[in-house]
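These notes concern the structure reproduced below.
In the working numbering, the protein residues as written are 920 to 1025.
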């Protein structure tokens, strides 16, 4: 049915993919990532026929888990933030292989 808003599932998929890709871009070598936890706060409706852009930021990369944040907004009105999401992502390592990431100073 026509609701006049973009389905929340589409926004969820965008936020999840953006966070995951941000994590992958922050790694020192290519490896798979899988979503462990995802929280999304919907701030307002995403209007249909409006492009939505998402920007992801990596908060921390640990040995086997990374944390990221994403903000999704209308492309033509960046102040029209639709949703904010945070997620935890498992880093896929081979058995016996440990990922070593240098810790950054606080």
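Glycine is no exception: its CB is placed at the ideal position from the N, C-alpha and C atoms. These figures come from a predicted structure and were not determined experimentally.
Alpha-carbon to alpha-carbon, residue j and residue i
| i | j | result |
| --- | --- | --- |
| residue 1029 | residue 967 | With the chain covering 920 to 1025 only, the question about residue 1029 has no answer from this structure. |
| residue 988 | residue 950 | 19 Å |
| residue 971 | residue 995 | 8 Å |
| residue 946 | residue 958 | 22 Å |
| residue 923 | residue 937 | 24 Å |
| residue 997 | residue 933 | 16 Å |
| residue 940 | residue 1000 | 20 Å |
Simplified DSSP assignment, three categories, for residue i
| i | result |
| --- | --- |
| residue 923 | coil |
| residue 944 | helix |
| residue 955 | strand |
| residue 1010 | strand |
| residue 996 | strand |
| residue 981 | coil |
| residue 1002 | strand |
CA nearest to the CA of residue i, picked from the options
| i | options | result |
| --- | --- | --- |
| residue 964 | 926, 958, 1011 | 926 |
| residue 985 | 962, 961, 1005, 959 | 1005 |
| residue 974 | 1012, 957, 992 | 992 |
| residue 1002 | 1008, 1012, 961 | 961 |
| residue 1007 | 947, 983, 999 | 983 |
| residue 976 | 942, 1012, 924, 923 | 942 |
| residue 1009 | 1000, 999, 935 | 935 |
| residue 1012 | 981, 956, 1000 | 981 |
| residue 954 | 969, 931, 948 | 931 |
Bridge partners - residue i, DSSP secondary structure assignment
| i | result |
| --- | --- |
| residue 976 | 988 |
| residue 960 | 1003 |
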